[in-house]
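Only one structure is covered here, and it is reproduced in the block below.
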Amino acid sequence: MADTLLDIPPVLIVGAGPTGLAAAMSLARARVPVRIIDKLAAPAPYSRAIGIQARTLELLEQHRAVEPFLALGHRAHAAALHAEGRVIARLDFDPLQTRYPYLLLLDQSVTERLLTEHLAGLGVTVERGTTLVACDNGGTSLDVTIRDADGRDTRCTPSYLIAADGAHSTVRHLLGVGFAGHAFEQTFLLADLAAIPDWPDDEIHLFTTPDGIAGLFPMGDGRYRLGGGG
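If you're matching positions, the sequence shown starts at 3 in this note's numbering and goes up one per residue.
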């Protein structure tokens, strides 16, 4: 973090996924004191979300953090839509007016590692095995209780609280914030495969049938993400 910080209580970020890490990175570069906590003792090792859009890469460039992503990610320059055994449409990303005219495909576990390393260079360390257990915003300030990895509880008054802890957000439940919406009735699957299909490995392939949809995303070195549902 920059040597001279703003004279305010730290912003508390709950959740050290890509959203929370990116928020912490932006605040740290703006000289805002920040704490970021995550209930997991270690980062999840799974690939999960894999697509990084051009605008995200542009923002990473502004933070001088994009190069490791470009070195480790796999670039998809087009998407082909298949139906009835043939390609019925193709979307070419190359004409996009950006330095990054492609979709960068990279395991979320790697994305989180790179963001965590960059954040450490700014002087901010993720506090792992740490949970938010209470939150009181009924007074003139926001008071929270945090439980660390050793089971010790501490109270603090952050200047802001950022909920980056996902669909089952602890912050949202503690504050009684609603989450309007409904669940999809369809069943979906995800799998990471070792495959060598007879298509270019810099294209995404999408398939539609009367029974459902599927997608094949190249990850480089013969790895593919398969997703589908119906």
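We put the beta carbon where it would ideally sit given N, CA and C, even for glycine.
Query	Result
Would you kindly work out how many angstroms separate the C-alpha atoms of residue 31 and residue 202, rounded to a whole number?	40 Å
Would residue 6 be called buried (16 or more neighbouring beta carbons within 10 Å of its own) or exposed?	exposed
Could you spell out where the alpha helix (DSSP H) holding residue 220 opens and where it closes?	Run containing residue 220: none in the alpha helix (DSSP H); it sits in the beta strand (DSSP E), 214-222.
For residue 120, which three-state DSSP category applies?	helix
Considering Cα atoms alone, identify which of 161, 96, 54, 187 is closest to residue 34.	161
So what does residue 53 bridge to, in DSSP terms?	107
With residue 107 and residue 19 assumed to form a contact (beta carbons below 8 Å), what rounded beta-carbon distance in angstroms separates them?	That belief does not hold up - the Cβ atoms of residue 107 and residue 19 are roughly 18 Å apart, past 8 Å.
Using 8 Å as the cut-off, can you tell me whether the segment 8-15 makes contact with the segment 90-100, which would need three or more C-beta pairs spanning the two stretches below that distance?	no
Once DSSP output is grouped into helix, strand and coil, what is the label at residue 46?	coil
For residue 4, does the three-state DSSP call read helix, strand or coil?	For residue 4, the predicted structure reports a pLDDT of 46, less than 50, and the residue's modelled location is therefore unreliable. A value from the coordinates is still provided. Of the three classes helix, strand and coil, the one that applies to residue 4 here is coil, per DSSP.
What are the start and end residues of each continuous alpha helix (DSSP H) run of 4 or more residues lying completely inside the segment 166-213, in chain order?	172-177
Please list, in chain order, all residues of the same chain as residue 3 whose beta carbon is under 7 Å from its beta carbon, the five residues on each side excluded.	Since pLDDT at residue 3 reaches only 47, below the 50 mark, its modelled position is unreliable, and the value read off the structure follows with that caveat. Result list for residue 3: 30, 124, 125, 126, in chain order.
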